[in-house]
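Going by UniProt numbering, 28 is the number at position 28 of the sequence shown; the sequence numbering is gapless.
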Amino acid sequence: MGGMVVLLAGDFRQTLPVITKGTPADEINACLKASTLWVHVKTFSLSTNMRVQLHNDVQSGQYAAALLKIGEDRMAKDGNGMITLDREFCNVVHNPDDLNNFVYSELLTNMRNRDWLCERAILAPTNEMVGQINEQIMSRVEGDIVEFLSVDTVMDTEQVTSYPVEFLNSLELSGVPSHKLRLKVGVPVLLMRNLDAPRLCNGTRLQVTHLGRNIVKAIIMTGMAKGENVLIPRIPIIPTDLPFQFKRLQFPLKIAFAMTINKAQGQTLKVAGINLEKSCFSHGQLYVACSRVSSPQNLHVLAREGKTKNIVYKNVLQ
Ligand SMILES: Nc1ncnc2c1ncn2[C@@H]1O[C@H](COP(=O)(O)OP(=O)(O)OP(=O)(O)O)[C@@H](O)[C@H]1O
Numbered sequence: 001m002g003g004m005v006v007l008l009a010g011d012f013r014q015t016l017p018v019i020t021k022g023t024p025a026d027e028i029n030a031c032l033k034a035s036t037l038w039v040h041v042k043t044f045s046l047s048t049n050m051r052v053q054l055h056n057d058v059q060s061g062q063y064a065a066a067l068l069k070i071g072e073d074r075m076a077k078d079g080n081g082m083i084t085l086d087r088e089f090c091n092v093v094h095n096p097d098d099l100n101n102f103v104y105s106e107l108l109t110n111m112r113n114r115d116w117l118c119e120r121a122i123l124a125p126t127n128e129m130v131g132q133i134n135e136q137i138m139s140r141v142e143g144d145i146v147e148f149l150s151v152d153t154v155m156d157t158e159q160v161t162s163y164p165v166e167f168l169n170s171l172e173l174s175g176v177p178s179h180k181l182r183l184k185v186g187v188p189v190l191l192m193r194n195l196d197a198p199r200l201c202n203g204t205r206l207q208v209t210h211l212g213r214n215i216v217k218a219i220i221m222t223g224m225a226k227g228e229n230v231l232i233p234r235i236p237i238i239p240t241d242l243p244f245q246f247k248r249l250q251f252p253l254k255i256a257f258a259m260t261i262n263k264a265q266g267q268t269l270k271v272a273g274i275n276l277e278k279s280c281f282s283h284g285q286l287y288v289a290c291s292r293v294s295s296p297q298n299l300h301v302l303a304r305e306g307k308t309k310n311i312v313y314k315n316v317l318q
């Protein structure tokens, strides 16, 4: 059947599809532009950055222009291929504690305000960094940490001896909750699976209100069911991108003070911190991170000497 009109909306300055252990060439090949259908696509361009425009101040035009310079790799680079982030573009900070304090100032008082919690996040390129930042900020929250250990089992009983439980427990997989999930009452969490769409979806943010042995009570902070109290159970999660199948029984939650830049794509934040102790490693990450907020006053960036790498695959933009 032909002749149907399909509307696709996107921005090729943003991150490309993630290919596990893939090279830049694999990412470019997975992009819509590499499809044989692309020649039949008619493109229209949107020209106003509404997120920035809505802020409605004199700096908004400058900020939107600077974002485009990052997205299109038009920033000047030094001999090591690094760009310099200046004060007009963001607040450059020099250590992780400062970054955490700028974004989560007076955390204990403000944590009761769910809107305050939702409108801010610290972003980092890798899951490993995100895990560390979440632990650092959770340590500032009052109360005891409760540790939930997952139950991991191999699906094929014949493979039980090849994959001991200790090995399964050690697997940290993207999109799969950790074996050891550490939470406190009051912390914001991200739901990692669709439990009851459209109320409780992958990416919905919640605030923990009670930690039981077999259930987590939480209040929904984002989306159509904002304000509702919910019970989150442990669910079986089966990763699909491994050479063998195993099942992890765990709460589909992770702490949401910090999240990866890729996870933040699509979100709008009032205040963002970007931890670039380890630079971005893939196309569009710096652009996505910086473009989550609408003004330079609300963007705090931790980068050594204010310098960082901006990875842009120019042929995706042509
Ligand atoms: N025409 C508009 N009028 C008012 N607000 C708008 C308009 N378009 C977008 N916005 C606001 O701008 C912000 C970004 O919009 P939206 O998330 O739809 O854009 P997007 O292109 O998906 O962004 P990105 O891909 O960068 O995440 C949102 O807060 C949205 O409410």
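Even for Gly, the Cβ is constructed at its ideal location relative to N, Cα and C.
In this text, all values refer to a predicted model and were calculated from it rather than measured experimentally.
| query | result |
| --- | --- |
| The alpha helix (DSSP H) enclosing L117, as first and last residue numbers | R114 to C118 |
| Ligand 1 heavy atom lying under 7 Å from the CB of Q265 | yes |
| Option nearest V18 by Cα separation, candidates W116, C90, L54 and G175 | G175 |
| Whether D73 touches N275 by CB criterion (8 Å) | no |
| beta-carbon T20 near ligand 1 non-hydrogen atom, thresh 7 Å | no |
| Heavy atom of ligand 1 within 7 Å of R51 beta-carbon | yes |
| Simplified DSSP state of L68, which is helix, strand or coil | helix |
| T15 beta carbon near ligand 1 (any heavy atom closer than 7 Å) | no |
| CB-CB length for V93 against L85, believed under 8 Å | So it is not a contact: roughly 11 Å between Cβ atoms. |
| Element boundaries [alpha helix (DSSP H), containing V208] | It is not in any alpha helix (DSSP H) - V208 instead sits in the beta strand (DSSP E) that spans R205 to L211. |
| Beta-ladder partner(s) of K254, from DSSP | L190 |
| D11 beta carbon near ligand 1 (any heavy atom closer than 7 Å) | yes |
| Exposure of V6, with buried meaning 16 or more beta-carbon neighbours within 10 Å | exposed |
| Residue span of the alpha helix (DSSP H) that contains T153, given as start and end | Run containing T153: none in the alpha helix (DSSP H); it sits in the beta strand (DSSP E), V151 to V154. |
| Nearest residue (CA-CA) to D156, options S35, L37 and F244 | F244 |
| Boundaries (first-last residue) of the alpha helix (DSSP H) holding A264 | I261 to A264 |
| Closest Cα partner of T209 within the set G227, P198, L123 and C280 | G227 |
| Distance between beta carbons of P177 and F251, contact taken as under 8 Å | 6 Å |
| Beta carbon of G203 nearer than 8 Å to that of L195 | no |
| Check: T260 C-beta below 7 Å from any heavy atom of ligand 1 | no |
| 7 Å Cβ shell around F89 - same chain, five flanking residues per side excluded | A66 and P296 |
| Any non-hydrogen atom of ligand 1 closer than 7 Å to L54 Cβ | yes |
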